[in-house]
Amino acid sequence: MSDAADSVVIDKRYCGPPNSGNGGYSCGVMARLIDGPAMCGLKAPPPLDRPLRVSRNGAVALLDGETLIGAAEPADAPDLDIPALPPREAIEAASSRYVGFERHAFPGCYVCGPERAEGDGLRIFAGPLDGIDAVAAPWTPDASLADADGRVGVEHVWAALDCPTWAAFGDGDLAALLARMTAEVRERPKPGEACAILAWKLGSEGRKHRSAAALYGETGDVLAVAEALWIEPKDPAAFA
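Numbering (the working numbering), first residue to last: 35 to 274.
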């Protein structure tokens, strides 16, 4: 991401679908402009590699010309029952069962795409845990994700929490896009820190699906939590 006082550019590196920004990353771009927990909603696919106007009036809006791409506002932190962190061996075993290794709608996704190289994509491959209805993945943030203070940028933390909340629905066949995400970043990890992510389902109603995720640091502390709303679009062109 590059930014000026009143605009941001989402680099093609941070795509979800090939021609639009990863949903969690795009939400994080807005959330980093808000102090504390935030709720971010996406109204249109975030365009890549061109300036998007930022409007701030208590809330934050991201616009492509006159088209509203998304909006963010301060929010209460997600109220979640957060699972205990399993042993590292169980997390790594779960990740080896990631359904995206067999089939993936967006194999070039910045967060969960298996075609992304080390140091380029986040390569967060959340697979099913044994004995608990949740998915998990290890994550060691790359040095390129650091902000000026040496810690991972907020937008990358939001991105890391995004795709696992989709993987929580299990079989990889859920054709849905991130519509809204509420997250609290309690502490940003350091590059090179051996982190882990767990995600789990909260419920579904029609085309709407809710799930949650937690990011754990190297010592097992919860660094960030998120609740996500995924919606199955009526128009398959939304996945272009």
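Glycine is no exception: its CB is placed at the ideal position from the N, C-alpha and C atoms.
Owing to the predicted nature of the structure, the values given are computational and were not obtained by experimental measurement.
Is residue i helix, strand or coil when you go by DSSP?
| i | result |
| --- | --- |
| Arg157 | coil |
| Cys229 | strand |
| Ala78 | coil |
| Gly204 | coil |
| Val42 | strand |
| Ala168 | coil |
| Arg330 | Past the boundaries of the shown model lies residue 330; the chain is included only from 35 to 274, so the question cannot be answered. |
| Pro348 | The requested residue 348 is not part of the displayed model; the chain covers only 35 to 274. |
| Glu189 | helix |
| Leu179 | helix |
| Ala210 | coil |
| Glu261 | strand |
| Arg87 | strand |
| Gly70 | coil |
| Phe273 | Because Phe273 sits at a pLDDT of 48, beneath the cut-off of 50, its placement in the model cannot be relied upon, and the point is left open. |
| Arg47 | helix |
| Ser60 | helix |
Report the residue from the options whose alpha carbon sits nearest the alpha carbon of residue i.
| i | options | result |
| --- | --- | --- |
| Gly62 | Gly99, Pro267, Ala201 and Ala262 | Ala262 |
| Ala168 | His190, Ile125, Val256 and Gly153 | Ile125 |
| Ala182 | Ala217, Cys49 and Pro225 | Pro225 |
| Pro162 | Ser60, Leu232, Arg244 and Cys49 | Leu232 |
| Cys197 | Glu123, Asp115, Ser178 and Ala171 | Ala171 |
| Trp264 | Leu249, Cys229, Pro223 and Ala202 | Ala202 |
| Ala217 | Glu107, Arg185 and Ala72 | Ala72 |
| Thr101 | Arg185, Gly251 and Val88 | Val88 |
| Gly254 | Ser129, Trp192, Ala246 and Ala228 | Ala228 |
| Ala105 | Ala128, Glu123 and Pro80 | Pro80 |
| Pro52 | Glu239, Met64, Arg66 and Leu82 | Leu82 |
| Val188 | Arg90, Glu136 and Tyr59 | Tyr59 |
Using C-beta distances below 7 Å, list every residue in its chain close to residue i, excluding the 5 sequence neighbours before and after it, in chain order.
| i | result |
| --- | --- |
| Arg220 | Val256, Leu257 and Ala258 |
| Asp176 | Gly153 and Pro225 |
| Arg157 | Arg150 |
Give me, in chain order, the residues of the same chain whose beta-carbon lies closer than 8 Å to that of residue i; leave out the 5 immediate sequence neighbours on both sides.
| i | result |
| --- | --- |
| Pro117 | Ile166, Ala168, Leu232, Trp234 and Ala248 |
| Phe135 | Pro148 and Phe159 |
Mind reading off the beta-carbon distance from residue i to residue j? Whole number of angstroms is fine, and I expect it under 8 Å.
| i | j | result |
| --- | --- | --- |
| Ile68 | Leu86 | Incorrect: roughly 16 Å between the Cβ atoms, too far for contact. |
| Ala260 | Leu195 | 4 Å |
| Ala193 | Val145 | 5 Å |
| Ala246 | Gly75 | Rounded, the Cβ-Cβ distance is 17 Å, inconsistent with contact. |
| Gly57 | Leu211 | 7 Å |
Next on the checklist: Restricting to runs no shorter than 3 residues, where is the beta strand (DSSP E) found entirely within the segment 90-158?
Outcome noted: Complete beta strand (DSSP E) runs here, min 3: 93-98 and 101-108.
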